[in-house]
Each structure stands twice: as C-alpha cells, then as structure tokens.
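Undergrad: Structure in structure tokens, see below.
Chains as they are written, first to last, in UniProt numbering: chain A, 1 to 742; chain B, 1 to 556.
Quick look at the structure:
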C-alpha cells in the first residue's frame, strides 16, 4: 500500500509500564491492516489493528531511540522505542494515514476476506429484521401496525424503511408529527410489552421552541396512549438534563409542554450529552494510565471522571422507563435531542430489563440491530471510524456495553453471553473488520452495499459461539427468568477493569471462574455422551454373553453409583435451596434413565434420546446453540469455524457389530480428566498462554491448547452422539489413523 | 448477679420488627439473659434470635406512646423494633444496653463467665473437639525443620503474659537467653517462629519492638537469638510495620528499632501500616458510606475513598507480599514487628503464610493459622472486637485488625478463586464470630486469660461446630483445586474490591449471586458424578470384554 514506507523495523523495544527494566526487544512489522510486534525470545506477539488506533504520539527522544506511543480504542496502550528517528517517523506517518481513512470505503471491512471455509458472505446479514423482531413480540395486531410511509426514506432518512405505529395514527398524523420532530424522527414503536400492552416508543425532540405546537404530533401521542388499554396516561421521558432541553428551546426545539399534550406525565432524567461523555471517558483513561496509583488517587480519579455517575444515570433512566411499563402499565415515549444516542441507550437497556429474550446471544444481537442499527445510531461518527470531526466522536455504544456488563455482575445467571462476548462486540464495533457497524443509518448502509461488499459480524460470532457462552446461564431460573430490576444504589457499580484495564495483565484475577466452569460443563457434556455409549456397549456385550439384565453386575452398578456420588460431592443436592432442585432433579433423572437403559436397551432408547436433547438444551453446548439459532432461521446447520467431519446420523452405539479392539479404542478416546488451567503458561506449539488468549481443551486427550492448535473438530469413537468435537492436531492424526485401520 | 434484675420487662406483645431485605414481622418480643427474641408465634414463621453481645448500639425514639428502637448490630445489620408503650421500650432498651456489654466493660473473671458461651450447650454432636484440634506440638511438627524446638519457658506466662505456654525457637538457644530477650522486648514478646518455609529453609519470626530506648540499650541475648535463626552467611530482613518517624518517636518512650550496628546481619525495612483509632475510624466511615443507598455516585466514591479502608487493605497486602518475596524470591528470613507485636505484626505474618503456604488455604489449615497466629499469638480479641462500626461509646482499644486481615484474605481469594478450599461465607463466619458468638474461641485476650476462666472446659470451640461434616459442607468452595504454588496477589487499586458480601450484605439482595453459586456447585457436582460413573462403567465394560474374549464371542 502507498502509505507503508517501512514495512519492517528490527531492534524495536516494547516498553512495559510496570516492568521497565527488561523491555522486550523484537521486530516490528507494518502490514496493510496491522502493526505487529514479534518478540523472538518469548514468542509473544503484539498485534495492533490499524483501525483500533485512536492516537499516535511521538514522545521526546531517549538514549535508546524514539518512543512511539500508540493508544487504541480498545484501551490498549503500547509504546515502541525505535532506534532510528527516521524509521520512527515513517511508522508514525503511515499509522496516521492508515488509522483514519478519509472515506468510508477505505475501511478494513472492504478488504477483509476470510477463507470461504471460515465465513460466507451472506452469513449474518439476513439473521435479523425489524419485521421478524416485532413479529416475535406479537405484532402487528389490532393496536400496532406496520407502516410503509418511510419505505423510500421519504419522511425520515435516518429511520428504517419499516416503521411500527399505532393503528390509530393516520398518514396525515404521521406526516405532521414527522415534520414537527427534529430530523423527521417521529414517535415510533421500539418495544411492545405483551403482558400488558404497554409500549416503549422513541423519537427526537419536538420543534416546539417557546410556544409552537403541532396538532398532528399531539394526536400522535394520543394514538400511542390509546393503543394501550390499561392506562389512561403516558410518560414522556426526556433523557436530557432539564437545562439542556431549555437551551434547545431557544433554537426552536425543546420538549413537550403538558399544556398542549393532554394526559402525559413529563419527566427529565438528566443523562449528559455526547461531549461530556467523551471528556468523561478521557478522564477515565487518564486514571487507568496512572503509574502505580494509590487507592486514593484511583478512587478520586474515578470520581472526578464522573464515568460511573453517567453509567448510573443511564441505568437509572432505563429503569424508570421499564418500571413505568411494568408497575404503571403505562406506555413511555423516550427522546433526547436527535433521539439516536441517549434514546438508543435507554430504550435498549429497558428492553434488557423487560424481556429475557434480549439477554440471550441471539436476542441481544437482535436488540442492537433494532435499537442501534435500524434506528440510526451514528456509528461512523460516534466511533470515529473515518477522519470526521472530533466533536462527533463519543463513547455512547461503549457506555451501553458497560451498562449491560454492570447488569451481568448483578445477575450472573441471567445472561446467555459472557464478558468476552461484550468485549468482542465492542472491539469489532471499532475494528471495521465487518460491515455491521459501518455507516450512520440504514440508508447509508444500503448505499454502501455493505451486505454484498463486506462480511457481517453476526455471522462471524455465530461461528465462534462457544467462546461467548456464559456457563452459569439458566434460561428458566426462578430468580432471573422474568423482569430484571437491578439495584442502582451507587455501591453496586463496579469499575470495569476487564474493559478499561484489559491489557494491564497484572490487575486481573489469576484464575478465571468463567473459564473453569465452562471447561467443566464441556467436560460433563463429553462424559455424558461417553456414558451413554458405555451403557449401550455393556448392554450389548451382556446380551452376547447371554447374561440377562437382572444379573448382579447391573445391580452392583446401580447400587454403587448413587451412594458413591453422594460421598464424593461436598454438597448434597437435597440441601440446595429450592430453586436448584429442578436442575438436580433433571440430573438425577438422567442418571436414573441411564441405568434403565442398561436394563432394557430397546425400550429405553427413544426415551433417553429425548432426555438427552433436553439436557443438551440446558447445557448450552456449542453446537446446540448454533443449531437452535439456525433452526429459527430455517437454514441449514452451518459448518463450524474449523474442519468438520460429517457425522453419521445414527448414534455410535446402536449397532452391536464391534470388535474387542473397537471397544478399547472407544474407551481410550474420551479423556476422563481434563487438565486444569492452573500453571498453563504455553501451548505445545510454545505460544505463550496468558490472560489474553483463550485456552481450549482437546476432548480426546484433555490437554490444553491455544486456538491455533485446536482447529479440528471431529467425532470421537467414545461418544454416542458422534457429533464433531474439538480435538488437538495429534489426536486428530490418531483418530484418522485409527479410522483407516478399522 | 442475676439476669432477672437487669430485665424489667421480659416480654412485650404486638412488636413489629423491620429487617433489611425481609418483610416485617409482628409478634412477641422477649428479652432473656442472652438473647433478644421476636416470635410471631405462628407455625413455620421466621423468628429473630439476636445475641445481646451482637448488639453494637441502640437508639430510642418516641412518637406518642410508641417507642422505636433502632438496634445496630456488630455484623453491620440494622433492625428496627416498633414497641407499643414507652415504659416497655425504655426497659427493653436499657436491658439490651446492659446485657450487650456484659463481660466487656469490666473485664473480670466473674463477668466474662456470665456471657453466653458459658451457657451455650451445643445442639450438635461434637465429633472432634475444636479445643484439641490444633495442639502446638503437632502444628509445630507440620511447620518446622530440625533446627527448631518447642520451649516451655513461658509455661507460667511469666516471661510474656500474652504469649502461649509453648513457643517455637531456635534449637541452639536456651530458655535463659529467651528470658533475657523477653526482658528486652515490649511486653516480653521475644522473637519466636511464626512460619518455616521448608522449600528453602527460611523462616518468618515475629516479636514486639526492642526496648532500646533513647540511650540505645542493647541486649546480647536478643542479638544471639535473632542470629541463631539465620543460616551461616545469610542475611535477614526486619520488616517494621511503623513509619521511620513513628519508630523514632517510640525510641524516646523506651521502645525503638534494632540498630544495624548491633544487628549487622539484618536489614531493616519500614512498611507503615495504620493502627488503632485510625482503623476503627476507617471502619465507621466505610460502614456509614455503605449504608446510604440514596447517596449520589460522587458522594459514595468520595466517602469510600475518605474511609481509607481499601488503602489499609492495600498496605497490609503490600507488606505481606514483601515478606513473602523476601522468603520465596530472596531466600532470606524475615522478622516482623511493629510496636507491641499483637496487631499489624500478626496481619503481616498470617497473610504472608496465606500467600506462601498452600496448607493455609484449606479449611483446617486456615483454622490452624487463626489459632496459631491470632489466638495463641495473643491478639487481644476481647479488646479489639468489643465494639464494631456502630459503636457510640468510643473506647480506646477497639480496632478492626482481624477484620482487615479477613478482608485481605478475601482479596487474595477473589484473585485466586480456585485456590482456596473454603468460600466467602467461611470468612464472613469468622468475622461474625470474632465479634459475637455462642462459642468460646474468640473470647479473652490471650491464652493466659483463657486458662484463668477455663474456656476449654466451660465453652464450646467454634472449630467443633465448623468442622462437623454438615456445617463444613456449606463452607467449601466448589471450584477448589489444590494449588501448591505461591499465590501472588495484585495490590493495584483496580484489583482491590470493596467486599460487598460483607459490607453490603444487608443492603443488597444477593439472591441472584447465591443462585449463581448454587449453579457452580451443581455443575461441579454433576461433573464429579459423571467422572465416577464413567470410570465405573469402563471398569465394568473391561470386565465384560475379558469375559467375551475368554468365551470367544467377540473378535479381536
């Protein structure tokens, strides 16, 4: 590329903020997409995506060279010291050009081209639509209808083509209301609460000035209110501080006057504007950058940044909206100024509180698609993807992601996704690797032909779903299955070190509960599958031996398993609180049925298959998630991110045509113990494994590998289901060899 | 003294109880010698049983003939009782006030025996007597190498009233030298072994400050004792938990530090950790901040900062890490002391062991650590834990020294959630019982005091209760995987968290978090069950395989 003058620099030092004595020395490569630093001694690689670069700064010359400070939008900060000033300057100049393209079509997404086996062009672009989402919510019905009025973006170019409006709102009302709202963003439906018909609608501020009024707009609000039979008033929530709304009055905009709009309850909620949020984040970053801060420095810095205050304001406002819907059965109209920043944050968060679907992997994506992409959050501008005006940039989406993270901290079982999902989402919003977050509104996205020219993040994420699953998620948990109201006392808000200090490897917990529990669940899934096969085999061999099932070994097995389990485990299931009984009962039942299988192999078969499916459901096993998501789209099961062997349709244990060798092979192919993550410092390929790399178990040998070494998925002989599972390269070769031999 | 004299109104009907996070209960309030009881007298209804000794302070308010009592407990819980009748309310308040400070205000032998632990009879079978669970002789065997011995020089508590009768000292040092060294150390606390790191033959010692005084007094026996703990040619570190200034001031009052001229093999490091009033003040501010759910974010953060609680946590952790580094990285022995050697010293020595010694991260190991480094080492629990965060009467001995230690352990635990055999609840339990308990474990200030009131025979040990199988189960961490390594915690402010499970326990509803915990337990349980099931089935199948081979039914 024309911007790259020096593609490779040797003898570069990577400076560490904490370990200044021994900097890593290695080679810096400048590619079209990344800046890559390779330290040959530790085999450690540091990758910086150009699109992630927020600022590049040349620091004063030192004795060892010119330091180059790079700050990323993902809160990574690196300093390279380059021996020659000229080379440093070359890199500096290149990065400036590469990180901020002048036009949107120069962004990475338009060049990104994954291998076809990894991702198809179509994957993800057709997963979501506003119609499908509203139909899931039970619409249209006799109260809310789909309106074609904006089908060519004629009344509002930042809204989607499809709008859902109250059945009582006629075309003149819609047109009139649209003209009276800033940028034509008239009140339209955002969320319909099936249980009580209350709704959340969103719009921009009215062009009311000091005294202007618009009959159609007033009628529009009446129509929204009347569409809800359970309440004779509605809330209008202006998410701005009152003073900001007043100031807008002078510019001919403003807010709804209760004198003109009847039966509305008007409320200011005080979320600050994008400029204040941008400054707040900058202050927060300064705090995170402090070198060896004292507790006092850190806490006062955190306080001065006001970051958590803003986060709390957003959650408080969203809670106000959600409570109005649930407690007052009232519909709520939400706006800020243009209705695409604070409105997007609060409407989507209120949705997360109200509807458990939005707490699933798929539902959360649908929510972002609806509230953020369809309704025109200006991603290009706010994320600063191209060389735009600095004052348009603001961490509005980052705040939303953090608000959701704060909720996951209060409700660890309520969300299907984990922290890694939120971080990946955040990073890819900035990475421009996918077209999903490009453009400021739907119209722009269509004009850019993103769905044909770029790949979708949703497609990519679906291929890697297992990385994003929260192992503690319970769909039907009594505590968190319905509406979720968080505690918003300030004591409950935490500083998100996993986001803002993510690359400070020293500050994170040294052992991860999520990773440990996830591995445990995967392992259990593998063992369950294995146990099923073993039971089949035992029954089969017995039959061949002419042993009837009532013979003593069976009873021994049955007699042994249960008491043993009770002794081995620290917590007896009976003592668990009542909400847990469901799950325990399920697992008890499954072990019961497993034993019955042995006794009556034929009859038990179909029953246990159902059982198994049910269990897999609660286990969130990777493939099931993908399948489930796919099934709802009516598409074929996609190939996963790696080579996948075709799985036979029948279970492995169904035929009894096995040899003794085969039996041994089956038994050897499933690891009974999986290695713990503790003290795992590198993969067998010598890639260092630290807090930043995800670590994977091989389901055959139980060892731990880096993502590059566990790229194979194949069925293993010891599993009944014969579904493809992750194995390491060595085991893959073994399995291939064995299958050719047999 | 009879309790009856103190209880003018033993019973009031129609009292309404308000508790945090619970629905209100109306019922009959009873005051007994040791408990405040409220019962709705309905089947299966919840009752309140509150130990008087668990009450920190009490506030009265009257509106008409209704009395409102706000009872603030030492575990930070605040409850309110609406009592009909002014006189009844006054009587109850004064009963609680007197009964809650029983055995506290005038610490004599006869008042302490009136406290609840002397009346409590366990409802559970004592399988293993906690009083006998950690005898110094076996604990010593667990800890130390062949260069150490147990000395009974203090068997009459003459050399050091706050030490136990058995202490571990270098083998080459005779009791006479110990006595001399004791005379040179404040309170007679001569250097003794706290922990022996078998991996590299280094040790942690603890003592009180040397009484060098303004004239630079020296004591050959003390120097000899300290040097005997070092291997030939090795140097040691003295970690003084006071700032250089405080140490210098102490010198003027008869205390001091080990001068390098007389202790040439030792390097002194000052690592100040706050003590006494400052800690109590810190706790009061922190709890006050935590109990204001309506404050703004700014106010909360500034109050949290102003409380300095996390600063204290960081200071203690940093010092413990330093001591652990000396041992593990530098292979150098460490002597820790502040002034009296009964507060900050113990925080550092015990936390260092948490970092270094995997055994201390098990339930029994942790109990043994508390027993060794706090109870036997003479941390004055009766003085320090007499009152908690809500105390109105400021007494000068109180300080949450042990609570800070427990908080530090929690910080390490949350950074290494798989390396501890016990869970957060276990730590909360220890905090609660150190302030108010039906058990005798945390009573009195030292072993001598305990012997005087015959605690071992007259009260039940907390360990007897905790170690009973059914209780123990609830305190186990389902994620525990024994970790034989050293656990180095991060002390960056980003890594230190307010311990919400303790300080916000009564402010936020934790049911969602508890549910997550149950889920973890379930997942672990399920995994274990499957492992043993698969193992069994494999064994069975192998057997059948053999049979089939013998019978020639299946091909090779």
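Think of the CB as a built atom: it goes at the ideal place given N, C-alpha and C, for glycine as much as any other residue.
Look up residue 275 of chain B in the DSSP assignment and say whether it is helix, strand or coil.
TA: Residue state, collapsed to three classes: coil.
Undergrad: Using a Cβ cut-off of 7 Å, pull out every chain A residue sitting near residue 553 of chain B, in sequence order please.
TA: Neighbours of residue 553 of chain B on chain A, chain order: 544 and 545.
Undergrad: What are the residues in the segment 388-420 of chain A lying within 8 Å of chain B by C-beta distance?
TA: So the list reads 410, 411, 412, 413 and 414, given in the order they occur along the chain.
Undergrad: DSSP beta-bridge partners for residue 72 of chain B?
TA: Paired residue(s): B:57 and B:78.
Undergrad: At 4 residues or longer, and completely inside the segment 475-527 of chain A: list those alpha helix (DSSP H) runs for me, N to C.
TA: Taking only runs of at least 4 residues, the alpha helix (DSSP H) segments lying wholly in the segment 475-527 of chain A are 497-500.
Undergrad: Determine, for residue 489 of chain A, whether the minimum Cβ-Cβ distance to residues of chain B falls below 8 Å.
TA: Yes, its Cβ sits closer than 8 Å to a Cβ of chain B.
Undergrad: Is the segment 317-337 of chain A touching the segment 285-303 of chain A in the sense that three or more CB pairs, one from each, lie closer than 8 Å?
TA: No: fewer than three Cβ pairs fall under 8 Å.
Undergrad: Less than 8 Å separating the beta-carbons of residue 238 of chain B and residue 268 of chain B?
TA: Yes, the pair counts as a contact, with Cβ atoms nearer than the cut-off.
Undergrad: Kindly give me the distance between the Cβ atoms of residue 218 of chain A and residue 261 of chain A, rounded to whole angstroms, as I take these residues to be in contact under 8 Å.
TA: With 8 Å as the limit, residue 218 of chain A and residue 261 of chain A qualify as a contact, their Cβ atoms being about 5 Å apart.
Undergrad: Cβ closer than 8 Å: which chain B residues qualify as neighbours of residue 667 of chain A?
TA: Neighbours of residue 667 of chain A on chain B, chain order: 538, 541 and 542.
Undergrad: List, in order along the chain, the chain A residues whose C-beta lies closer than 8 Å to that of residue 520 of chain B?
TA: The contacting residues are 472, 513 and 517.
Undergrad: Ends of the beta strand (DSSP E) at residue 195 of chain B?
TA: Where residue 195 of chain B is concerned, the enclosing beta strand (DSSP E) stretches over 192-197.
Undergrad: From which residue to which residue does the alpha helix (DSSP H) around residue 179 of chain B run?
TA: Residue 179 of chain B -> alpha helix (DSSP H) spans 175-184.
Undergrad: On a Cα-Cα basis, can you pick out the residue from B:440, B:413 and B:391 that is closest to residue 70 of chain B?
TA: Comparing Cα-Cα distances from residue 70 of chain B to each of B:440, B:413 and B:391, the minimum goes to B:391.
Undergrad: Thinking residue 336 of chain A and residue 181 of chain A are a contact (beta carbons under 8 Å), I'd like their distance in whole angstroms, please.
TA: Wrong, their Cβ atoms sit about 12 Å apart, outside the cutoff.
Undergrad: Could you check which residue in A:435, A:388, A:352 and A:433 has the C-alpha nearest to that of residue 414 of chain A?
TA: The option with the nearest alpha carbon to residue 414 of chain A is A:352.
Undergrad: Using DSSP bridges, identify the partner residues of residue 148 of chain B.
TA: For residue 148 of chain B, which the question treats as bridged, DSSP gives the partners B:170.
Undergrad: Find the residues of chain B that neighbour residue 277 of chain A, judging by a C-beta separation of less than 9 Å, and give them in chain order.
TA: Near residue 277 of chain A there are no residues of chain B at all, since even the closest Cβ is about 15 Å away, more than 9 Å.
Undergrad: What is the DSSP secondary structure of residue 732 of chain A, reduced to helix, strand or coil?
TA: In this structure, residue 732 of chain A counts as helix in the three-state DSSP scheme.
Undergrad: Which residue or residues does DSSP assign as beta-bridge partners of residue 8 of chain A?
TA: Residue 8 of chain A pairs with A:29.
Undergrad: Does the segment 359-366 of chain B touch the segment 23-30 of chain B, meaning 3 or more C-beta pairs lie closer than 8 Å?
TA: They do not touch, by the three-pair rule.
Undergrad: Figure out for me which residue from A:715, A:736, A:719 and A:733 has the closest Cα to the Cα of residue 726 of chain A.
TA: The shortest Cα separation from residue 726 of chain A among A:715, A:736, A:719 and A:733 belongs to A:715.
Undergrad: Within 10 angstroms of its Cβ, does residue 389 of chain B collect 16 or more other Cβ (buried), or is it exposed?
TA: Label assigned to residue 389 of chain B: buried.
Undergrad: With a threshold of 8 Å between beta carbons, is residue 347 of chain B in contact with chain A?
TA: Answer no: the Cβ-Cβ gap between residue 347 of chain B and chain A never drops below 8 Å.
Undergrad: Which residues does DSSP list as the beta-bridge partners of residue 30 of chain B?
TA: According to DSSP, residue 30 of chain B bridges with B:11 and B:37.
Undergrad: Quick check on the burial criterion: 16 or more other C-beta atoms within 10 angstroms. Buried or exposed for residue 340 of chain A?
TA: With 16 or more other Cβ atoms within 10 Å, it is buried.
Undergrad: Please work out which residues of its chain come closer than 6 Å, Cβ to Cβ, to residue 133 of chain B, disregarding the five sequence neighbours upstream and downstream, and give them in chain order.
TA: The residues are 463.
Undergrad: Residue 535 of chain B touches chain A at which residues, Cβ-Cβ below 7 Å?
TA: 672, listed in chain order.
Undergrad: Would a check of beta-carbon distances place residue 314 of chain A closer than 8 Å to chain B?
TA: Answer no: the Cβ-Cβ gap between residue 314 of chain A and chain B never drops below 8 Å.
Undergrad: Give me the chain A residues within the contact set of residue 419 of chain B, using Cβ-Cβ distance strictly less than 7 Å, ordered along the chain.
TA: Here the neighbours are 511.
Undergrad: Of all the CB atoms in chain A, is at least one closer than 8 Å to the CB of residue 492 of chain B?
TA: Taking Cβ atoms only, chain A reaches closer than 8 Å to residue 492 of chain B, which makes this a yes.
Undergrad: Can you pull the chain A residues whose beta carbon is under 7 Å from the beta carbon of residue 298 of chain B, in chain order?
TA: Here the neighbours are 303 and 309.
Undergrad: Can you give, in chain order, each stretch of the beta strand (DSSP E) that sits fully within the segment 82-126 of chain A and has at least 3 residues?
TA: The segment 82-126 of chain A contains no whole beta strand (DSSP E) run of 3 or more residues.
Undergrad: Against residue 538 of chain A, what residues of chain B qualify as contacts under a CB-to-CB distance less than 9 Å, listed in chain order?
TA: By Cβ distance, chain B contributes 537, 540, 541 and 544.
Undergrad: Does residue 220 of chain A get closer than 8 Å to chain B when you measure Cβ to Cβ?
TA: So no, residue 220 of chain A is outside the interface.
Undergrad: Let me confirm a value: residue 550 of chain B is counted as buried when at least 16 other C-beta atoms fall within 10 Å, else exposed. Which label applies?
TA: Exposed, since its Cβ has fewer than 16 Cβ neighbours within 10 Å.
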